[in-house]
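Take the sequence shown: its position 101, counting from 1, is numbered 101 in UniProt numbering, and each next residue is one higher.
First comes the structure, then the notes that go with it.
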Amino acid sequence: MTDLMKAVVLARFGGADAFELRDVSVPRVGPRQVRVRVHATAVNPLDYQIRRGDYADHVPLPAITGHDISGVIEEIGSHVAEFRVGDAVYYTPRIFGGPGSYAEQHVADVDLVGRKPENLSHLEAASLTLVGGTVWEALVTRAQLAVGETILIHGGTGGVGTIAIQVAKAIGARVITTARAGDHEFVRSLGADAAIDYTSTDYVDAVAEMTRGKGADVVLDAIGGDTLARSPLALADFGRVVSVVDIAQPQNLIEAWGRNAAYHFVFTRQNRGKLDALTTLVERGLVKPVIGATLPLARMGEAHELLENRRSYVLRGKVAIDVAGEAVALPPRIS
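Below, the structure is given as structure tokens:
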């Protein structure tokens, strides 16, 4: 008899009602794999983009999606020596590489898996894996952000933004971020040195004033829109722009040419090395995930709606999913 587990299955591409809670078979473990009892997962923009059908060619239906896992190992493959049954771990499943995290159990290649930080709950750890790996690749590997440099982080209250602020401060950079006026105290509590209200102020003018005309050395784009085209206007000579969002339409980057700017586009690759680096920062108290909402696995559609329409809510950080429990915490709507 095949063991069964609960999973949220994407039955069709479409709205937040496209998910179905089903009983499915527990996956088998290969020689260099581990089977993890999932305690928590989280929701990312990539998840609702997949649900809508933006990447339909890469996701055969029906599919179990999701890209964050924190849990406990229940079984190890015959060639796994790095972990033992009972170890608490966290990781991002391989993107477009098989079943994802919206399930009670998951099997992963052992090279993707990292030891969960001891000072984080499973909900917190699951809120860090994809955004943390993305931020590490964007700021450390690509932009090579250095001590004393200035970085402009677009969207400081988002899942990427909240971690980027903290990692940039841990590196020793000066951090400027964009956020609504009501969120300025919050982003400063994460380590931002200055905040710009994007609803009333042009960030290009504000950065010029804050840097005495020099501009930012690095711009991190987690927003999209015309950010790629306008960010060079806020950039120092030989600055770097790093984008972690896909490009909906072509943009004129002539201003980047005048700055001798470098552009980096990050679709993060998963590996244990990034997680171990993040774990070090977390256990030193330099980085802590921010959770803005929590829902159980069966309410995945509602979780997607929250994130997809986040500007209608006072939502800071990630939407976490309590897979092993029934925790509920919802953000207030913006009146």
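Glycine residues also receive a C-beta, built at the ideal position from the N, C-alpha and C atoms.
Asked                                                                                                                                                                                : Found
Secondary structure at P232, three-state DSSP: helix, strand or coil?                                                                                                                : helix
Closest to V245 by C-alpha separation, out of A222, A11, P332, would be which residue?                                                                                               : A222
Just verifying my parser: in three-state terms, what is the DSSP assignment at Y102?                                                                                                 : coil
Given a threshold of 16 other Cβ atoms within 10 Å of its Cβ, counted over all protein chains shown, does M1 qualify as buried or as exposed?                                        : Low local confidence applies: a pLDDT of 45 at M1 is under 50, so the model's placement there is unreliable, with the coordinate-based value given in what follows. Per the 10 Å Cβ criterion, exposed.
Please work out which residues of its chain come closer than 7 Å, Cβ to Cβ, to P82, disregarding the five sequence neighbours upstream and downstream, and give them in chain order. : For the sequence presented, residue 82 should be read as Glu rather than Pro. The residues are V110.
When the distance is taken between beta carbons, is R84 closer than 9 Å to I95?                                                                                                      : no
Measure the Cβ-Cβ separation of L281 and A170 and say whether it is below 9 Å.                                                                                                       : yes
Using the three-state DSSP reduction, which class does T178 fall into: helix, strand or coil?                                                                                        : strand
Please say whether Y203 and H264 have beta carbons closer to each other than 9 Å?                                                                                                    : no
Using 8 Å for Cβ pairs, my map puts A261 next to L235. What's the rounded Cβ distance?                                                                                               : 6 Å
What separation, rounded to the nearest whole angstrom, lies between the Cα atoms of L130 and Q166?                                                                                  : 15 Å
Which one of L152, K6, F238, V107 has the shortest CA to CA distance from A31?                                                                                                       : Position check: residue 31 holds Pro in this sequence, whereas Ala was assumed. Ranking L152, K6, F238, V107 by Cα distance to P31 puts V107 first.
In chain order, what are the residue ranges of uninterrupted alpha helix (DSSP H) at least 4 long that sit wholly in the stretch 242-312?                                            : 254-258, 272-283, 300-308
Taking only three categories from DSSP, how would you classify T199?                                                                                                                 : coil
Please state whether DSSP places H39 in a helix, a strand or coil.                                                                                                                   : strand
What would DSSP say about I223, mapped onto helix, strand or coil?                                                                                                                   : coil
What are the partner residues of S70, as DSSP defines its beta bridges?                                                                                                              : A40, Y90
Does the Cβ-Cβ distance between Y90 and L152 come in under 9 Å?                                                                                                                      : no
Would you give the residue range spanned by the alpha helix (DSSP H) that K169 belongs to?                                                                                           : 159-171
How far does the beta strand (DSSP E) with L112 in it extend, from its first residue to its last?                                                                                    : Looking at the DSSP string, L112 is not in any beta strand (DSSP E), and its letter there is neither H nor E.
If we ignore side chains and look at the alpha-carbon of each, how far apart do A194 and R188 end up?                                                                                : 7 Å
Nearest CA to the CA of A11: which residue from P62, D217, L286, L21?                                                                                                                : P62
Could you round the C-beta distance between K318 and A42 to whole angstroms and report it? I think they count as a contact, below 8 Å.                                               : 5 Å
For A181, tell me which candidate among I196, V26, L190 has the shortest Cα-Cα distance.                                                                                             : I196
Only counting the same chain, and skipping five residues up and downstream in sequence, which positions put a Cβ closer than 7 Å to that of G114?                                    : V89, Y90, Y91, R272, L275, D276, T279
Hey, out of D23, G213, F19, whose CA is closest to K6's CA?                                                                                                                          : D23
Roughly how many angstroms separate the alpha carbons of residue 414 and Q33, rounded to a whole number?                                                                             : Absent from the structure is residue 414, since the part of the chain shown begins at 1 and ends at 335.
Go through its chain and collect everything with a Cβ distance to G285's Cβ below 6 Å, but skip five positions before and after it.                                                  : none
Residues in the same chain with beta-carbon distance under 7 Å from R259, minus the five sequence neighbours each way, listed in chain order, please.                                : P232, L235, D237, G239
Roughly how many angstroms lie between the CA atoms of E118 and E283, to the nearest whole one?                                                                                      : 7 Å
Going by the beta-carbon positions, is the gap between T150 and A216 smaller than 9 Å?                                                                                               : yes
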